[in-house]
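J.: Here it is, the structure, as structure tokens.
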Amino acid sequence: MTEEVCPGDGGCSQGFQGGTLTGRAATGVTVSYYQPGEYQRVINKRNPLSPIDYMPSDTVNVAGHPLRYQAALAFWRFVDAAAASGVATTVVSGFRSYASQASLFQNYVAIYGQEQADTISARPGYSEHQSGLAVDIGNPSAVCGLQECFASTAAGQFAAAHAHEFGFVIRYPAGMSYWTGYAYEPWHLRYVGRDVAMDMRNRGVSTLEQYYGYPPAPTY
Numbered sequence: 042m043t044e045e046v047c048p049g050d051g052g053c054s055q056g057f058q059g060g061t062l063t064g065r066a067a068t069g070v071t072v073s074y075y076q077p078g079e080y081q082r083v084i085n086k087r088n089p090l091s092p093i094d095y096m097p098s099d100t101v102n103v104a105g106h107p108l109r110y111q112a113a114l115a116f117w118r119f120v121d122a123a124a125a126s127g128v129a130t131t132v133v134s135g136f137r138s139y140a141s142q143a144s145l146f147q148n149y150v151a152i153y154g155q156e157q158a159d160t161i162s163a164r165p166g167y168s169e170h171q172s173g174l175a176v177d178i179g180n181p182s183a184v185c186g187l188q189e190c191f192a193s194t195a196a197g198q199f200a201a202a203h204a205h206e207f208g209f210v211i212r213y214p215a216g217m218s219y220w221t222g223y224a225y226e227p228w229h230l231r232y233v234g235r236d237v238a239m240d241m242r243n244r245g246v247s248t249l250e251q252y253y254g255y256p257p258a259p260t261y
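42 is the number of the first residue of the sequence shown in my numbering; add one for each residue after it.
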């Protein structure tokens with residue numbers, strides 16, 4: 042993204058998409074990753090929301106589910122584009138408060154036990170839904186709702202092929218639980234903005250952890 046700069050201190054640096062490389066004879070090459078912005082915050086088992094009971098102030102109603110305003114605008118465009126392609130989508134879940142997430146998580150613990158619950162649901166304060174930037178989508182028929190087979194439905198296929206064009210990423214992709222800490226969720230879209238979503242797609246980077254140079258977050 043920038044020309045190489047060598048200021049005379051024995052090292053040279055150059056800006057790339059995602060960060061800066063700096064090379065020095067004594068220390069080798071180091072990477073400084075660009076920090077995520079407001080809409081790109083990395084929320085996972087090692088990075089809770091701050092404050093822990095965070096509640097966004099700019100949510101709007103999207104089919105009965107709150108989303109932050111910018112995410113809602115992008116999602117409406119996504120829905121319109123899907124409809125123009127003959128694909129109908131529904132909203133299953135959007136923003137959840139700290140208290141709502143706590144109740145949901147404890148319900149999963151009661152059903153599946155703590156270990157399995159931690160792979161399919163976030164603890165309160167650690168959920169992307171609490172940020173107001175995540176939306177779970179489904180089909181009007183409810184076929185494969187919140188199941189891995191959603192990926193094979195028309196809505197799931199449209200999301201996989203086009204979500205990045207509207208600023209969304211499939212936050213918990215297949216085979217990446219080591220990085221994200223969660224099982225595959227083809228229905229869970231996270232708004233990060235079009236520039237970042239397109240760049241991740243073009244570079245073949247599938248998780249925010251890898252994109253921003255965060256360590257894997259398989260556990261709390």
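Glycine is no exception: its CB is placed at the ideal position from the N, C-alpha and C atoms.
Quick one: grab the DSSP three-state call for Asp177.
T.: Here residue 177 refers to the residue found at position 136 of the sequence shown. Judged by DSSP in its simplified three-state form, Asp177 adopts strand.
J.: Hey, how far is the Cα of Ile152 from the Cα of Ser73?
T.: What you label residue 152 is simply residue 111 of the sequence shown in a count that begins at 1. What you label residue 73 is simply residue 32 of the sequence shown in a count that begins at 1. Looking at the two C-alpha atoms, the distance is approximately 43 angstroms.
J.: Between Gln111, Gly234, Gly179, Ala196, which lies nearest to Gln81 when the distance is taken from Cα to Cα?
T.: Along the sequence shown, one-based indexing puts residue 81 at 40. It is Gly234.
J.: Decide yes or no for the touch test of the segment 163-182 against the segment 80-100: beta carbon pairs closer than 8 angstroms, at least 3 of them.
T.: yes
J.: Report the CB separation of Ser134 from Gln171 in whole angstroms; it is logged as a contact under 8 angstroms.
T.: The count along the sequence shown starts at 1 and reaches residue 134 at position 93. The count along the sequence shown starts at 1 and reaches residue 171 at position 130. Between Gln171 and Ser134 the Cβ distance is about 11 angstroms, and since that is not below 8 angstroms, they are no contact.
J.: Is it true that the CB of Val101 sits closer than 8 angstroms to the CB of Leu108?
T.: The residue you call residue 108 lines up with position 67 of the sequence shown. The residue you call residue 101 lines up with position 60 of the sequence shown. The answer is yes: Cβ separation under 8 angstroms.
J.: In chain order, which alpha helix (DSSP H) runs of at least 4 residues are fully inside the segment 57-83?
T.: none
J.: Distance, Cα to Cα, Ala175 vs Trp117?
T.: Your numbering for residue 175 matches position 134 in the sequence shown. Your numbering for residue 117 matches position 76 in the sequence shown. Rounded to the nearest angstrom, the two C-alpha atoms are 14 angstroms apart.
J.: Check Tyr110 in the structure and name its three-state DSSP category.
T.: As a working note, residue 110 is residue 69 in the sequence shown. Helix at Tyr110.
J.: For the segment 140-160 against the segment 186-206, are there 3 or more C-beta pairs whose distance is under 8 angstroms?
T.: Pairwise C-beta distances place the segment 140-160 out of contact with the segment 186-206, as fewer than three of them are shorter than 8 angstroms.
J.: Is the CB-CB distance between Ile178 and Thr221 below 8 angstroms?
T.: Start at 1 with the first residue of the sequence shown, and residue 178 comes out as number 137. Start at 1 with the first residue of the sequence shown, and residue 221 comes out as number 180. Their beta carbons are not under 8 angstroms apart, which means Ile178 does not touch Thr221 by this criterion.
J.: Tell me, please, which residues DSSP counts as bridged to Glu189.
T.: In the sequence shown, the residue the question calls residue 189 occupies position 148. None, per the DSSP bridge assignment.
J.: If the criterion is Cβ atoms closer than 8 angstroms, does the pair Phe209 and Arg231 meet it?
T.: Your numbering for residue 209 matches position 168 in the sequence shown. Your numbering for residue 231 matches position 190 in the sequence shown. It is a contact, given that the beta carbons lie within the stated cut-off.
J.: Counting only runs that start and end within the segment 222-259, where is the beta strand (DSSP E) found for 3 or more residues in a row?
T.: 226-232
J.: Would a check of beta-carbon distances place Gly56 closer than 8 angstroms to chain E?
T.: In the structure shown, chain E does not exist; there is a single protein chain.
J.: If you follow the alpha helix (DSSP H) that Thr160 is part of, which residue opens it and which one closes it?
T.: Position 119 of the sequence shown, counted from the first residue, corresponds to residue 160. Taken as a continuous stretch (DSSP letters only), the alpha helix (DSSP H) holding Thr160 covers 155-161.
J.: Below 7 angstroms CB to CB, which residues in the same chain sit around Met217 once its five sequence neighbours on both sides are set aside?
T.: As a position in the sequence shown, residue 217 is number 176, starting the count at 1. So the qualifying residues of the chain are Ser247, Thr248.
J.: How is the alpha helix (DSSP H) around Phe199 delimited, first residue to last?
T.: Residue 199 sits at position 158 when you count from the first residue of the sequence shown. Element bounds for Phe199: 195-203.
J.: Please state whether DSSP places Ile93 in a helix, a strand or coil.
T.: Counting from 1 along the sequence shown, the entry for residue 93 is found at position 52. Three-state result, Ile93: coil.
J.: Roughly how many whole angstroms lie between the Cα atoms of Gly60 and Thr71?
T.: Looking up residue 60 in the sequence shown gives position 19. Looking up residue 71 in the sequence shown gives position 30. Roughly 10 angstroms between the two C-alpha positions.
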